[in-house]
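Residue numbers (my numbering): 80 to 301. Heads up, the beta-carbon is just placed ideally off N, CA and C, and yes, glycines get one too. Heads up: the structure comes next, in structure tokens.
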């Protein structure tokens, strides 16, 4: 009598999931470099013109991402620092793109390099922004979970106190029922906060990508 799609589906609760023992508060941009989208964009850039391989290696920004670094700060000028000279160099290289004196093949090569460089820059910045946003969400959710856990502990303490008062006859059933309802609502909010914390942790892993494999184990947890 069950739906065909419901057969064999696993059942689970939040207790079946555990948070990592340690999550880094600061993530070097090198960890993010292994993302498939960055690797693909970099491969396209290398393929556009292999002669600029050294310049391509210098294009990648060296920054540490943290929850305090908003994604708005991740802009080309703010991020690239010394690497900005390389972007400027590519701009200078591609300036003569529409020079009619250049052979068509050379103009095509410069156009491909210009497009690949712009694509790589955009992919890298988008990836770093996504990690910064994930770190910010993770930090916010961790604080919210801690606050909700405190509220839950207080509500459970109040409920136990009310249960004792009711047993002694110093509290009415309506008072006990109200305390039970309040404790249940706060417990529901705690479960929701735990779920959000799990989701934000998974989102951070997804944003960083394969770079976790090379992450040092001594990172500060959060």
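DSSP state of residue i, grouped into three classes?
i: residue 147; result: coil
i: residue 107; result: strand
i: residue 89; result: coil
i: residue 222; result: helix
i: residue 98; result: coil
i: residue 119; result: helix
i: residue 215; result: helix
i: residue 257; result: helix
i: residue 276; result: helix
i: residue 248; result: coil
i: residue 208; result: helix
i: residue 113; result: coil
i: residue 297; result: In this predicted model, residue 297 has a pLDDT of only 35, less than 50, meaning its place in the structure is not dependable enough to derive any value.
Exposed or buried, what is residue i when buried is set at 16 or more other beta-carbons lying within 10 Å of its beta-carbon?
i: residue 116; result: exposed
i: residue 95; result: exposed
i: residue 216; result: buried
i: residue 25; result: No statement about residue 25 is possible, as the shown extent of the chain runs from 80 to 301 and does not include it.
i: residue 209; result: buried
i: residue 252; result: exposed
i: residue 258; result: buried
i: residue 272; result: buried
i: residue 228; result: exposed
i: residue 200; result: buried
i: residue 256; result: exposed
i: residue 124; result: buried
i: residue 146; result: buried
i: residue 224; result: buried
i: residue 333; result: Given that the chain is displayed from residue 80 to residue 301, the structure contains no residue 333 and the question cannot be resolved.
i: residue 196; result: buried
i: residue 129; result: exposed
Between residue i and residue j, which are expected to be in contact by the criterion C-beta below 8 Å, what is the C-beta distance as a whole number of angstroms?
i: residue 191; j: residue 127; result: 4 Å
i: residue 234; j: residue 262; result: 4 Å
i: residue 231; j: residue 266; result: 6 Å
i: residue 204; j: residue 283; result: Not a contact, Cβ separation roughly 18 Å.
Handout entry: the segment 279 to 289 contacting the segment 105 to 116, beta-carbon criterion three pairs below 8 Å
Key = yes
Handout entry: Given 8 Å, three or more beta-carbon pairs between the segment 208 to 224 and the segment 274 to 284
Key = With the rule of 3 Cβ pairs closer than 8 Å, the segment 208 to 224 counts as touching the segment 274 to 284.
Practice task
Examine the Cβ distances between the segment 189 to 204 and the segment 240 to 249 and report whether three or more of them are shorter than 8 Å.
Solution key: no
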